[in-house]
Structures are given as structure tokens and as C-alpha cells.
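Once you know that position 228 of the sequence shown is 236 in our numbering, the rest is easy, because the numbers rise by one and skip nothing. Quick reminder that beta carbons are idealized off the backbone N, C-alpha and C, glycines included.
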Amino acid sequence: MSIKIKSNLFVIIATMTSINSYGAGFQVSEHSGAGLGRAFAGEAAIADTAAVLANNPAAMTRFDRAEISGSFTAIMPSIDVNDDDFGQKANNIAPNAYVPAAYYIQPINEKFVIGLGLFSNYGVGTDYPEDFNAGLAAGKTSLLTFNMNPNFAYKVNDKLSIGAGLNLVYGKAELSRHWGGNITPNTLIVEMKGDTYSWGWNIGTLYEVDENNRFGLSYRSQVDMDFKGDFTDHTGSITGNNNKGIAVQGKLPVVLPAIAEFSGFHQLNPLWAMHYSVQWTQYSQFKSLNATSTQCHAGGVAESCFTKDEDYNDTFRFAVGATYTVSPKWLLRTGLAYDQRAGKSNLSIPDADRYWYSAGTSYAYSDNLSFDLGIAYLQSTKSSFKEEISPSNPQPGTTHKFTSTGNALFVAAQVNYAF
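So, in C-alpha cells, the structure goes:
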């Protein structure tokens with residue numbers, strides 16, 4: 009920490025926005041039902057549905073007629089955190105989540121295509137029981153984002169296409185912390201709510217060796233989110249007794265890091281295709297959290313609500329998959345993926361390396377209408393970490409050792425209609 013803070017309350021608040029991205033942190037990869045069924049392997053090159061917008065705008069040139077796709081993914085995590093020092097366990101700290109997405113691609117002519125994607129790239133949610141001893145460092149943490157992404161693509165020649173787009177991002181964050189323990193577990197200590205709008209950009213290219221082999225490369229820029237909202241100190245130790253329990257206006261800048269992806273697709277024969285992806289996320293840009301308000305004086309520092317250094321590194325995600333054509337109407341697909349851990353684990357985001365095991369199918373009802381289903385099981389490695397907490401009747405600065413274990417089940421459905 010660059011500032012030594014006497015009370016653990018504001019250090020704890022800072023964990024809320026370890027919300028940058030998710031390689032294996034909490035980046036939302038669930039952009040389509042078709043993609044989920046192959047562990048999102050080859051997403052920047054396959055272009056089998058309009059959902060390719062979320063990964064590579066250049067691949068829109070493979071569409072010769074307008075298409076719309078809508079996807080809905082249910083995420084059912086099971087994450088448990090054990091306080092190894094206190095001997096207490098919090099079960100299922102991550103609530104179920106539901107991720108909708110929609111895409112539209114419209115060819116203008118043989119060379120030029122436009123499209124629009126509506127989806128999310130980032131999100132996280134944890135909610136601990138009120139009697140969990142580490143209530144000051146746990147509690148409720150939530151981040152929701154929504155990305156409106158208009159794109160265009162241009163076919164340079166029979167082999168090369170390029171594309172670009174803008175990302176208009178809305179974010180909403182919420183945090184609450186309470187005493188925890190057995191005395192007054194539900195007594196609130198701090199709350200924070202805020203939202204913001206920001207923007208970024210994305211580019212991509214698609215190179216088609218021939219009809220059966222192609223490669224995609226894409227880049228989505230960093231987005232700087234300047235959250236503004238209400239910060240409420242129920243103790244008066246941060247904002248002063250005059251503002252005790254009163255919401256004051258605060259600011260918190262958060263970096264949503266850049267993402268790059270390389271993908272390949274190869275139709276090996278009329279029945280079998282293979283595809284793969286390597287995705288890089290620039291987590292190293294997320295270095296610290298500094299919340300400010302004219303009403304705050306954390307640690308005696310004017311306008312400081314909290315300051316917390318972060319320990320994140322750039323990460324990679326590797327995925328490989330296969331597609332089998334059963335008949336002109338039915339496809340089967342499967343995939344495996346490995347997600348590197350993004351940063352140091354904490355109670356708000358008990359991050360870990362993750363392994364994806366996926367399967368899915370597609371059904372073509374007609375030349376215009378098709379459906380995709382995908383299912384994936386995500387297994388996280390065991391993660392051990394230490395965090396500074398304050399139990400119910402505490403001396404600030406108590407450090408406990410925690411262990412987290414978890415897995416998640418993903419189920420997605422998608423419908424596609426070509427005009």
C-alpha cells in the first residue's frame with residue numbers, strides 16, 4: 009500500500025473493484041451458445057453465426073446475407089471459501105448469473121458489411137453469508153457491464169478482410185460490508201454504489217487461405233471506467249462523524265484491460281473441422297485502486313477514501329475444439345480450454361487457474377433458421393491466499409489464511425435467423 013490505513017474498513021472496500029477483466033478472473037467470455045459448445049475455440053475465425061462480432065469484426069465479410077443472432081447463457085457456479093485460521097466455511101459465495109447477447113450483420117455489397125453487437129465483456133458477483141467471520145472483507149460485491157459495439161468490415165480481396173468498431177460501455181458497481189461474526193453480523197459498515205459510461209475501440213483481420221482454412225486476429229482496446237456514485241461510511245471513521253451514515257459523492261477509476269485473440273479454423277474433410285484460439289489479456293495495466301471524495305480523509309489523507317495496490321499480470325487463454333457434421337441439419341462440437349489466473353486471489357474474487365470442458369450441437373431447421381445449444385463444465389484449481397480482516401470485536405490488521413475451491417456449470421441457447 010502506498011498509504012498506511014489505520015482501519016481495515018477501507019482496505020476491504022478496495023477489493024470490490026478488482027474488477028478489471030477475467031482471463032481467469034471475471035472476463036465474460038459467454039458471448040454465444042455455439043461458442044460455448046467448443047470452449048470458444050476458433051471464435052475469431054469460424055464465423056458460423058453473427059456472434060463472431062464479439063471476437064472479430066473482419067469475419068463479417070463471410071456473410072452474404074443479413075443475419076441476426078440472440079443468445080442466453082445461464083452460469084451456475086459453486087464456489088466455497090474456507091477461513092483456515094478461524095475454522096469457518098462460506099458455501100456458494102457466487103450467485104447464479106444470466107448473460108444475454110444479441111448480434112446483427114448486414115452486408116451492403118460484395119465488399120462492405122456493417123454489424124452491431126450487444127453483449128458484456130466484464131462482470132463479477134460474490135455474496136457471503138452475514139455471519140461469516142470476515143464480514144469486513146467479504147460481504148457483497150457486484151459489477152455489471154454492457155457493451156454496444158457497432159462495427160464495419162471491408163473485403164480487401166478474396167483472401168484478406170479487415171474490420172473495426174467502437175465500444176460504448178456502461179458499467180454499474182455495488183459493494184456492501186458488515187461486521188460479520190456472531191454479535192451484530194448484519195450491521196453495515198460501508199456501502200458503495202456507482203455507475204459510468206466510457207468507450208473503446210476494436211479492430212480485426214481475417215485471412216482466408218482457401219475455403220477450408222482461415223486465420224483471424226483481433227484486438228479490443230483498454231477501456232478506462234471512471235465510476236462516480238455514493239460512498240457511505242456507517243462508522244464515521246472515513247468521512248467524519250458529521251457524515252456518518254450519509255452518502256457522499258466519490259470517484260473511482262478502473263481499467264478494463266485490452267484483449268487480443270488469434271484463431272484458426274481448418275475444415276479437414278466434409279465431416280470434421282478443427283479450430284483453436286490463443287487469447288491475451290493485458291491485466292498488468294490494472295495496478296492500483298484509488299477512490300477519492302472531498303468528504304474522505306482515510307488515514308489522515310485529504311480526499312482519500314481508500315488506496316490499494318494490485319498484483320495482476322498479463323494472462324493467456326488457450327482453447328482447442330472440433331466440429332463434426334452429422335448431417336446437413338445437425339452439427340456436434342466439443343472443446344477444451346485453459347485459463348491462466350489473472351491476479352492475486354482475495355475474498356471478493358477468489359481467482360484461480362481454470363479448465364473448460366465443453367460440448368454442443370446445432371440444428372438447422374431451415375435455410376433461414378437455426379438453433380445452437382452449448383454446455384460447459386469449468387473446474388478451478390485450489391487457491392490459497394492471505395487477507396487482512398477485522399473480526400467482530402477486532403483489532404484491525406488481523407491476517408487470516410483462506411482456501412477457495414470451485415467449479416461452474418454453463419448452459420447456453422442461441423437462435424439465428426438469416427434474411
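Exercise for the section: Please state whether DSSP places G43 in a helix, a strand or coil. Expected result: helix
Practice task
Might you give, ordered along the chain, the residues of its own chain that have their beta carbon closer than 7 Å to the beta carbon of V334, omitting 5 neighbours on each side?
Solution key: Close CB contacts of V334 within its chain, under the 7 Å cut and outside five residues either way in sequence, are with L340 (chain order).
Practice task
Have a look at I254 and S86 and give me their C-alpha separation to the nearest angstrom.
Solution key: 36 Å
Problem - Span of the beta strand (DSSP E) around G237 - result: V231 to D241
Handout entry: Three-state class that DSSP yields for R70 in the structure shown
Key = R70 falls in the helix class under three-state DSSP.
Problem - Proximity winner among V263, T240 and A161, relative to V177 (alpha-carbon distances) - result: Nearest Cα to V177 within the set V263, T240 and A161: V263.
Exercise for the section: Measure the alpha-carbon distance for V231 versus W207 and round it to whole angstroms. Expected result: 6 Å
Practice task
Could you work out which residue in P137, A42 and I211 is closest to A268 when comparing CA atoms only?
Solution key: The shortest Cα separation from A268 among P137, A42 and I211 belongs to I211.
Exercise for the section: Determine contact between the stretch 214-221 and the stretch 195-205, defined as no fewer than three beta-carbon pairs at a distance below 8 Å. Expected result: Counting C-beta pairs closer than 8 Å gives fewer than three between the stretch 214-221 and the stretch 195-205, which falls short of the contact rule.
Handout entry: S285 classed as buried or exposed, judged by whether at least 16 other C-beta atoms fall within 10 angstroms
Key = buried
Practice task
Give the secondary structure of N251 by DSSP, where H, G and I count as helix, E and B as strand, and everything else as coil.
Solution key: helix
Problem - Neighbourhood of Q403 by C-beta distance below 8 Å, restricted to the same chain and skipping five residues each side - result: Note that Q403 has pLDDT 42, beneath the 50 cutoff, so the model's placement of it is unreliable and the number below is only indicative. Once the five neighbours on either side are set aside, Q403 has no close Cβ partner at all.
Handout entry: Residues near T411 by beta carbon distance below 6 Å, same chain, minus five either side
Key = N90, D92 and S392
Problem - Burial state of S374 (16 or more Cβ within 10 Å) - result: By the 10 Å Cβ count, S374 comes out exposed.
Handout entry: Rounded Cβ spacing between D380 and G45 (contact assumed at less than 8 Å)
Key = 7 Å
Problem - Whole-angstrom distance between F294 and Y320, CA atom to CA atom - result: Their Cα atoms are separated by approximately 7 Å.
Handout entry: Beta-carbon contacts of I383 that lie in its chain and below 8 Å, excluding the five residues immediately before and after
Key = Excluding positions up to five away in sequence, the list reads L44, G45, S366, A367, G368, L417, F418, V419 and A420.
Problem - Rounded straight-line distance, which links the Cα of M282 to that of K167 - result: 20 Å
Exercise for the section: Return the chain-ordered ranges of every alpha helix (DSSP H) run that is complete within the stretch 278-343 and spans a minimum of 4 residues. Expected result: List check, alpha helix (DSSP H) in window: nothing returned.
Exercise for the section: Please confirm if the stretch 53-64 is in contact with the stretch 352-364, defined as three or more CB-CB distances below 8 Å between the two stretches. Expected result: no
Exercise for the section: Give the DSSP-derived three-state secondary structure of L377 in the structure shown. Expected result: strand
Practice task
Compute the distance between the beta-carbons of W288 and F324, then report whether it is under 8 Å.
Solution key: With respect to F324, W288 sits close: the two C-beta atoms are nearer than 8 Å.
Exercise for the section: Put A58 into one of helix, strand or coil per three-state DSSP. Expected result: helix
Exercise for the section: Could you round the C-beta distance between L183 and W209 to whole angstroms and report it? I think they count as a contact, below 8 Å. Expected result: About 29 Å separates the two Cβ atoms, so there is no contact after all.
Handout entry: Rounded C-alpha distance that separates S226 from A306
Key = C-alpha separation (whole angstroms): 42 Å.
Exercise for the section: Given a cut-off of 8 Å, decide if T149 and T134 are closer than it, judged by their beta-carbon atoms. Expected result: yes
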